[in-house]
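Asker: Supplied in structure tokens, the structure appears directly below.
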Amino acid sequence: FDLMTIMVPLICANQSSHHYPGQCSNPESIGSNNTVTRVVVEVDKRFGDYGRCNICINGTVPMSNPPQPCVDGTYHCVCGSWTKTAPCNGSVGLEDISYTFGYRKPHK
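Going by full-length UniProt numbering, the residue at position 15 of the sequence shown is 15; the numbering climbs one at a time, nothing skipped.
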């Protein structure tokens with residue numbers, strides 16, 4: 001789950017090129033039976049690694065490195081760095097995106 005999932009139907013409503021490749025074909029975000037009426041997120045401070053969770057497409061877990069096989073339509077989460085993935089531990093994940101994308105030092 002991420003907030004972008006809620007915004008994708010609006011972002012992809014027109015056919016302009018302001019979205020990322022594949023974003024408007026993600027079955028997790030654009031499925032015909034998706035309905036979001038309210039999102040409430042409540043967590044404590046015991047965060048784990050951020051999990052990049054996606055539905056298996058073309059027999060490969062998305063964002064896994066090295067690529068991991070899977071059954072299309074099943075749900076998988078990948079943790080760790082982009083160059084060396086690791087299993088997720090099941091806790092709620094946190095990622096400082098400013099630090100991840102090189103904009104500033106880590107948040108303490």
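The beta carbon of each residue, even a glycine, is placed where N, CA and C say it ideally should be.
According to DSSP, is Thr83 part of a helix, a strand, or is it coil?
Answerer: Looking at Thr83 - three-state DSSP - the assignment turns out to be coil, as it is neither helix nor strand.
Asker: Determine the direct distance from the alpha carbon of Gly90 to that of Gly51, and round the result to whole angstroms.
Answerer: If I take the Cα positions, the gap works out to 9 Å.
Asker: Roughly how many angstroms lie between the CA atoms of Lys84 and Gly59, to the nearest whole one?
Answerer: Each residue's alpha carbon lies about 20 Å from the other.
Asker: Note the first and the last residue of the continuous alpha helix (DSSP H) segment covering Asn97.
Answerer: Note that residue 97 is Ile in the sequence shown, not Asn. Where Ile97 is concerned, the enclosing alpha helix (DSSP H) stretches over Ile97 to Thr100.
Asker: Could you compute how far the alpha carbon of Ile6 sits from the alpha carbon of Ala13?
Answerer: Roughly 13 Å separates the two Cα atoms.
Asker: Measure the Cβ-Cβ separation of Thr74 and Cys53 and say whether it is below 7 Å.
Answerer: Cβ distance not < 7 Å, so Thr74 and Cys53 don't count as in contact.
Asker: Which residues does DSSP list as the beta-bridge partners of Arg52?
Answerer: The partner list for Arg52 (beta bridge, DSSP) reads Val78.
Asker: Please decide whether Val8 counts as near chain B, where near means a Cβ-Cβ distance under 7 Å.
Answerer: Given the protein chain composition of this structure (a single chain), no chain B is represented.
Asker: Going by Cα to Cα distance, which pick from Pro27, Thr100, Tyr99 and Cys79 is closest to Gly93?
Answerer: Checking every option, the nearest Cα to that of Gly93 belongs to Cys79.
Asker: Can you find the residues in the same chain that come closer than 7 Å, C-beta to C-beta, to Val39, ignoring five residues on each side of it along the sequence?
Answerer: The residues are Ile6.
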